Every structure is written in C-alpha cells, then in structure tokens.
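Residue numbers (the numbering used here): 760 to 973. Just so you know, even glycine gets a beta-carbon here, dropped at the ideal spot from N, CA and C. Since the structure is predicted, the reported quantities are computational estimates derived from the model, not experimental observations. Following: one structure in structure tokens, then a few remarks.
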C-alpha cells in the first residue's frame, strides 16, 4: 500500500492551525473520539503496510478515549473561515519516568501530508514534556521488518534523524509483544530513538496550545 499523495496546497491560502492538549472531557465526545481514532487507523493502514496484515487496527475507540481522558494526546485543529474546527492530526504524548517522555501514534490527514504538520506535532510534544514535566529526553519507536526493506520505513527513520533522534536500542517485537505476533507479516524489530531536550528551542506556547501556519 502506498502513502497517499498530499493534495497540492494553495500558497496564497492561510489555513489557521492550532495544536493543543484537549481537555479530559473530550473523551466523552463520541464523535471526537471516533474522529481521532479514524485519523490514527487510516495513517496506520499505510504506515505499517508490509509490516502487519491488512485490516489491522492500531487503536480502538476505548483506547483513544482513555488516552484523551488522561490528557495524553496533542491534537492539531484546522479552523475554517466559518469558524469550524476540524481535527487534522494528532500525537500521543506521555511521561515514561522522571527523565524521559515518549511520543507515538503520530498521524496526519492525507491532505496535509508534506505540510510540516507532523514536524510541528513532534515539536509540540517535546516542548510540552520539557515544560510540563521537566523531562530531559524524548523517545520514539519504529517497527522495522528484518527480512525486507520498506521504502517508507527508511524515509521515516531518516526524518526522525533529521529531527535530532538517534537509535539507542533495538528489540525483537515478537519477543516483547508475543500477543501481536499473529498480526505480523514476518520477523520485525522495533528501534528506539532518543533525543535530548536540553537546549531545545523554546516554542511560542501559551499554556497547552500553540498556533501554527500551514
């Protein structure tokens, strides 16, 4: 399965986008939970193509609701000229321990691929963990087949590295997550990337929200 081609953007348009941590009460909004779950699973369907079996869902409605209730999601909203706010991307953000945070479930609607929104979501997550929890480093994991090379996995690793992440560990996914083995198409490792947050450039964050322009 190929990554959807991004829709060409009008360079004269100014689409207002905000990234924020939704309130815990958003977990009770069934339509919103369904929207975020759909964004994640759509992204996962091509992002893990060649790694997991077709039709595999990454997240369930109940999982996403629990994560929203725990305020572990940053969500990007597009505000249209008529004032409507549509979720167009998200990233899972959590504190692992006293020094490290973790980012995952990075997903952006296909029409916003190539816009820089994924980068902004990662940077928001990093800054949120640095400011809110005083963390010193962030981690991101990447599933990688061991017997075949998949172009979009190679591109994603390169993108992580450009963002300042380096591989610090490699694990056997099947050994660590045996219940997931039936979903895999073949032997798979997961690579743990890490980035120090010391010296991270300060973003113009106000509370849990940052404005961005696509």
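Asked: Distance, residue 777 Cα to residue 836 Cα; Found: 5 Å
Asked: Host beta strand (DSSP E) of residue 853 (start-end); Found: 844-854
Asked: Under 9 Å between C-beta atoms of residue 953 and residue 898; Found: yes
Asked: Pick from 802, 830, 801 that is closest to residue 781, judged by C-alpha positions; Found: 830
Asked: Distance CB(residue 905)-CB(residue 945) smaller than 9 Å; Found: yes
Asked: Euclidean distance between Cα positions of residue 885 and residue 841; Found: 31 Å
Asked: Spatial distance of residue 878 from residue 791 (CA atoms); Found: 23 Å
Asked: Closest Cα partner of residue 907 within the set 925, 888, 948, 799; Found: 948
Asked: Candidates 871, 937, 849, of which the one nearest residue 865 by Cα; Found: 849
Asked: Coarse secondary structure for residue 949, derived from DSSP in three states; Found: strand
Asked: Other residues of its chain near residue 763: CB distance less than 6 Å, five sequence neighbours each side excluded; Found: Caution applies to residue 763, whose pLDDT of 39 falls short of 50 and renders its modelled position unreliable; the value that the coordinates give is listed next. Excluding residues within five positions, the ones whose Cβ falls inside 6 Å are 869.
Asked: Pairwise C-alpha distance: residue 940 and residue 934; Found: 9 Å
Asked: Buried versus exposed call for residue 856 [16 or more other C-beta atoms within 10 Å across all chains shown]; Found: exposed
Asked: Cβ-based burial, residue 867 [other Cβ within 10 Å; buried from 16]; Found: buried
Asked: Cβ pair residue 798, residue 847 closer than 9 Å; Found: yes
Asked: Own chain residues within Cβ distance below 8 Å of residue 896, not counting five before or after; Found: 858, 859, 860, 953, 954, 955, 956
Asked: Endpoints, the alpha helix (DSSP H) within which residue 925 is located; Found: That residue, residue 925, is in no alpha helix (DSSP H); its beta strand (DSSP E) goes 925-931.
Asked: Distance between residue 827 and residue 772 (C-alpha atoms, nearest Å); Found: Note that residue 772 scores 34 on pLDDT, short of 50, meaning its location in the model is unreliable; the coordinates nonetheless yield the value given after this. If I take the Cα positions, the gap works out to 31 Å.
Asked: Own chain residues within Cβ distance below 8 Å of residue 862, not counting five before or after; Found: 850, 851, 852, 881, 884, 885, 897, 898, 899
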